[in-house]
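To start, the structure itself, in structure tokens.
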Amino acid sequence: MNNGLIIGQYVPGESLVHRLDPRTKITVIFFFVFIVFLANSVVSYSVLTLFALASTFTTRIPIYYILKGLTPVWFLIVFTFILHLIVTNEGNVLINIIGFKIYSGGVIQGFAISMRFFLLILVTSLLTLTTTPIEITDAIEDMLHPLKKVRFPVHELALMMSISLRFIPTLMQETDKISKAQASRGVDFRTGPLKERIKAVVPLLVPLFVSAFKRAEELAMAMEARGYQGGEGRSKLRELKLEKRDFIIFALFIAVVITLFATRNY
Amino acid sequence: MDITFNHVSYIYQANTPFAHKAIDDLSFHIPSGSFTAVVGHTGSGKSTLIQHLNGLIRPSDGEVSIGDYRLTNNAKPADMKELRSRVGVVFQYPEHQLFEETVKKDIAFGPENFGVASEEIDKRISRITADVGLNEEQLERSPFDLSGGQMRRVAIAGVLAVQPEVLVLDEPTAGLDPRGQHEMMEMFHNLHEQQRLTTILVTHSMEDAVRYADHVIILNNGTKYMEGKPEDVLSRKEALQRVQLDVPEMVQFLDAFEKKFGKKIPFRRQSAAAIASEIRDRLREGDRYE
Ligand SMILES: Nc1ncnc2c1ncn2[C@@H]1O[C@H](COP(=O)(O)OP(=O)(O)O)[C@@H](O)[C@H]1O
Ligand SMILES: [Mg+2]
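Listed below in structure tokens is the structure:
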């Protein structure tokens, strides 16, 4: 087990980014994902990078932790870069190794695309790093509210989401516990032929399912006992409310977008 | 096997903002053949400690040795499986680990993994089922049809069937009815004596620590708070209360007796009956020797 570390797992904090309304964060990030594709020049990329880095530093989460969380995607970023180096043949030939040419266009293209990729992943991971799963679900429920008109089960969807998110850490703990118990009984999850390792999963999965079903049953019972009947007429414990800081961030973000448009092609 | 902890620390999720030191510079020695009780408030690091004993986790710092096996941050025994066959661990709520179709298969799972021959396994099963208080008829049933207490017995039988030399028990009686608790502890104690096991019992029950252990380690916030003979450690009321622990009932009684009668009867892990006769003797003699 990797000690239960999840990529982008919420890190409690008091920073400005933490305190923003989750809807603000989701909206800004949603549009950021689009405008990343508009950048096409050194200056416009710099504007985006500056915005992403400024947001990252504002969270006050240790940089090494964020970068470590990105480990699995580093590979993809590097891969993208190399792919572009190889397939692009525009611009001047920079290096020529026995007929295998690397063009300046490839370097620029590769750099631009991997940068895009990096910015996308960095900014989206900021959402989950600074927002509790419950806040995210509340925000999604609120933002999908208009869909209720067309009988879309918004509340049920949000409930399903928050229950699953709530139980992810529990399930991870349970997995850790049971795999340790079975390892103590001589199961080897790490070495041995593939067939043996697949067989080793059964003593892990069966207890996990058993306990998940038991938990689900208990939860349903507890909810019923407390009079849960669904979304209709149910009041909220946590009311989402836009504050001054949210409007300031929106204004700032619009300024970034305008600057981006202004600096394209420079 | 002797067990030694030498300045052991363990950090969960090291190098993340969630890093948490669960064990801090812990040193102690458990001689082979002893019955050691590890006592401490919830979260004091008891379960973390015992996971070192069969190499499930390795110390972040310091060294653990179990017999000839050594565990440090970057060294582990070449044959981990062998270590695990010699150190049996009964986890908290071990019934959560059951998965087989029948009770018998589940008990046989451990010994099979460790390569015990099947006739030998059958022999062990019939002996152990009796020991843990299951009956033959239950062997062919699904473990999931049993009651919680019976499932616990199956899980414990599964660990005992490996016949470890060191038996580690993490709150093995938590959640059982009082009679079940007593039976189970008596069984562990008998096994300890008959098979000359080295037993490590994690417990909340001061009564169990006093009754069965010959060595007590008290943990507080991941560090060793006290260690020694049960009669010495468990009679120190103030010290124990500082870490939210109670003294055993017998000590409470002797304490109250001293307050009311002004006479001190020293605590030597006597049984209730022994204390009663001691009091009777004193009353008869009119305390001539006080
Ligand atoms: N898998 C884990 N990840 C992070 N922290 C843990 C984990 N397991 C236990 N801890 C923490 O380590 C400390 C000691 O826990 P534990 O050894 O289970 O104590 P005990 O068994 O004495 O109740 C507690 O503060 C607990 O929250
Ligand atoms: Mg514990």
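Heads up: the sequence lines are chains H and U, in that order.
Just so we're aligned: 187 in numbering that gives the first Met the number 0 is position 188 of the first sequence, and the numbers increase by one with no gaps anywhere.
Just so we're aligned: 91 in numbering that gives the first Met the number 0 is position 92 of the second sequence, and the numbers increase by one with no gaps anywhere.
Backbone N, C-alpha and C define an ideal beta-carbon position, used for all residues, glycine too.
Applying the criterion that 16 or more other CB atoms from any shown protein chain within 10 Å of the CB defines a buried residue, is P71 of chain H buried or exposed?
Stepping through the first sequence from its first residue, residue 71 of chain H is reached at position 72. P71 of chain H is exposed by the Cβ-count criterion.
Return the first residue and the last residue of the beta strand (DSSP E) that H19 of chain U is part of.
Translated into positions along the second sequence, residue 19 of chain U becomes position 20. Note, H19 of chain U: beta strand (DSSP E), 19-29.
Terminal residues of the alpha helix (DSSP H) in which R165 of chain H lies:
As a first step, residue 165 of chain H is located in the first sequence; it is residue number 166 there, counting from the start. From DSSP, the alpha helix (DSSP H) with R165 of chain H extends over 153-183.
Give the secondary structure of A212 of chain U by DSSP, where H, G and I count as helix, E and B as strand, and everything else as coil.
The residue given as residue 212 of chain U occupies position 213 in the second sequence. Three-state result, A212 of chain U: coil.
G227 of chain U: first and last residue of the uninterrupted beta strand (DSSP E) it sits in
One-based indexing of the second sequence puts residue 227 of chain U at position 228. Unbroken beta strand (DSSP E) run through G227 of chain U: 222-227.
Measure the C-alpha to C-alpha separation of S14 of chain H and G98 of chain H and round it to an integer number of angstroms.
The residue given as residue 14 of chain H occupies position 15 in the first sequence. The residue given as residue 98 of chain H occupies position 99 in the first sequence. C-alpha separation (whole angstroms): 54 Å.
Between the alpha carbons of F31 of chain H and L119 of chain H, how many angstroms are there, rounded?
Along the first sequence, read from residue 1 onward, the residue named residue 31 of chain H stands at position 32. Along the first sequence, read from residue 1 onward, the residue named residue 119 of chain H stands at position 120. Their Cα atoms are separated by approximately 8 Å.
In chain H, which residues lie less than 8 Å from L55 of chain U when you measure between Cβ atoms?
Within the second sequence, the letter at position 56 stands for residue 55 of chain U. Residues of chain H passing the Cβ test: K179, A182, S183.
With DSSP collapsed to three states, give me the class of L93 of chain H.
The residue given as residue 93 of chain H occupies position 94 in the first sequence. Three-state result, L93 of chain H: strand.
In chain H, which residues lie less than 8 Å from H51 of chain U when you measure between Cβ atoms?
What you label residue 51 of chain U is simply residue 52 of the second sequence in a count that begins at 1. In chain order: nothing, as chain H lies at least about 12 Å away.
Can you tell me the Cα-Cα spacing of N91 of chain H and K100 of chain H, whole angstroms?
For the purposes of this step, residue 91 of chain H is taken as the residue at position 92 of the first sequence. For the purposes of this step, residue 100 of chain H is taken as the residue at position 101 of the first sequence. Between N91 of chain H and K100 of chain H, the C-alpha separation is close to 10 Å.
Between S273 of chain H and chain U, is the shortest Cβ-Cβ distance under 8 Å, so that the two count as touching?
Because residue 273 of chain H is not part of the residues shown, which for chain H are 0 to 265, the question remains open.
Could you check the C-alpha separation between A13 of chain U and L69 of chain H for me, to the nearest Å?
Reading the second sequence from its first residue, position 14 is the one you call residue 13 of chain U. Reading the first sequence from its first residue, position 70 is the one you call residue 69 of chain H. Taking the straight line from one Cα to the other gives about 17 Å.
Can we say the stretch 186-205 of chain U touches the stretch 103-119 of chain U, given the rule of at least three CB pairs closer than 8 Å?
no
Using the C-alpha atoms, what's the distance from A53 of chain H back to R46 of chain H?
Position 47 of the first sequence, counted from the first residue, corresponds to residue 46 of chain H. Position 54 of the first sequence, counted from the first residue, corresponds to residue 53 of chain H. It is worth fixing the name first, because residue 46 of chain H is Val in this sequence and not Arg. If you take the alpha carbons of V46 of chain H and A53 of chain H, they lie about 11 Å apart.
Alpha carbon to alpha carbon, what distance is there between E135 of chain U and T128 of chain U?
For the purposes of this step, residue 128 of chain U is taken as residue 129 along the second sequence, with counting starting at 1. For the purposes of this step, residue 135 of chain U is taken as residue 136 along the second sequence, with counting starting at 1. So the alpha carbons of these two residues sit roughly 7 Å apart.
What are the residues in the stretch 66-92 of chain U lying within 7 Å of chain H by C-beta distance?
K80, R83, S84, V88, F90
Taking only three categories from DSSP, how would you classify S103 of chain H?
Within the first sequence, the letter at position 104 stands for residue 103 of chain H. Residue state, collapsed to three classes: helix.
Any idea which residues DSSP pairs V38 of chain U with across the strands?
Residue numbering aside, residue 38 of chain U sits at position 39 when the second sequence is read from its first letter. DSSP, once it has assigned bridges, lists U:T202, U:I217 as partnering V38 of chain U.
What's the gap between the Cα of F166 of chain H and the Cα of A157 of chain H?
Taking the first residue of the first sequence as 1, we reach residue 166 of chain H at position 167. Taking the first residue of the first sequence as 1, we reach residue 157 of chain H at position 158. Cα-Cα distance, rounded: 14 Å.
Given this structure, state the Cα-to-Cα distance separating A21 of chain U from Y92 of chain U, to the nearest angstrom.
Residue mapping note: residue 21 of chain U aligns to position 22 of the second sequence, counting from 1. Residue mapping note: residue 92 of chain U aligns to position 93 of the second sequence, counting from 1. Spanning the two alpha carbons is a distance of roughly 21 Å.
Would E289 of chain U pass as an interface residue toward chain H - the criterion being a Cβ-Cβ separation below 8 Å?
What you label residue 289 of chain U is simply residue 290 of the second sequence in a count that begins at 1. Because E289 of chain U carries a pLDDT of 48, less than 50, the predicted location of this residue cannot be relied on, and the following value inherits that uncertainty. With 8 Å as the cut-off, E289 of chain U does not count as an interface residue toward chain H.
If you measure from the CB of D169 of chain U, is any heavy atom of ligand 2 nearer than 7 Å?
Taking the second sequence and counting its residues from 1, the one referred to as residue 169 of chain U is at position 170. Indeed, a heavy atom of ligand 2 lies less than 7 Å from the Cβ.
Step through the CB atoms of chain U and report whether any lies within less than 8 Å of the CB of D187 of chain H.
The residue you call residue 187 of chain H lines up with position 188 of the first sequence. It does: the Cβ of D187 of chain H has a partner Cβ on chain U nearer than 8 Å.
Rounded to whole angstroms, what's the CA-CA distance from L128 of chain H to A38 of chain H? Just pull it up for me.
For the purposes of this step, residue 128 of chain H is taken as the residue at position 129 of the first sequence. For the purposes of this step, residue 38 of chain H is taken as the residue at position 39 of the first sequence. If I take the Cα positions, the gap works out to 25 Å.
Where DSSP assigns a beta bridge to L168 of chain U, which residues make up the other side?
Here residue 168 of chain U refers to the residue found at position 169 when the second sequence is read from its first residue. Partner(s): U:V89, U:L200.
What would DSSP say about N53 of chain U, mapped onto helix, strand or coil?
Residue mapping note: residue 53 of chain U aligns to position 54 of the second sequence, counting from 1. DSSP places N53 of chain U in coil when its eight states are reduced to three.
In its own chain, which residues sit with a C-beta less than 7 Å from the C-beta of K75 of chain U, not counting the 5 before and 5 after it?
Mapped onto the second sequence, residue 75 of chain U falls at position 76. Same-chain partners within the cutoff: G54, R57.
Which residues does DSSP list as the beta-bridge partners of S64 of chain U?
Position 65 of the second sequence holds residue 64 of chain U. Beta-bridge pairing links S64 of chain U to U:T3, U:R69.
Which two residues bound the contiguous alpha helix (DSSP H) that contains N88 of chain H?
Here residue 88 of chain H corresponds to residue number 89 of the first sequence, with the count starting at 1. Element bounds for N88 of chain H: n/a, residue is neither H nor E.
According to DSSP, what are the bridge partners of I10 of chain U?
As a first step, residue 10 of chain U must be located in the second sequence, where it is residue number 11. Partner(s): U:K20.
Please go through the same chain and pick out, in chain order, the residues whose beta-carbon is closer than 6 Å to the beta-carbon of Y68 of chain U, but skip the five residues on each side of it.
The count along the second sequence starts at 1 and reaches residue 68 of chain U at position 69. Cβ neighbours of Y68 of chain U beyond the five flanking positions: P76, L82.
May I have a chain-ordered list of the alpha helix (DSSP H) segments no shorter than 4 residues that lie completely inside the stretch 128-156 of chain U?
none
Are there any heavy atoms of ligand 2 lying less than 7 Å away from the beta-carbon of K179 of chain H, as far as the coordinates show?
Residue mapping note: residue 179 of chain H aligns to position 180 of the first sequence, counting from 1. Outside the cutoff, so no.
Relative to chain U, which residues along the stretch 195-208 of chain H have a C-beta separation below 9 Å, given in chain order?
V201, P202, L203, L204, V205, P206
Are any of the Cβ atoms in chain H nearer than 8 Å to that of F108 of chain U?
Position 109 of the second sequence, counted from the first residue, corresponds to residue 108 of chain U. Interface residue, yes.
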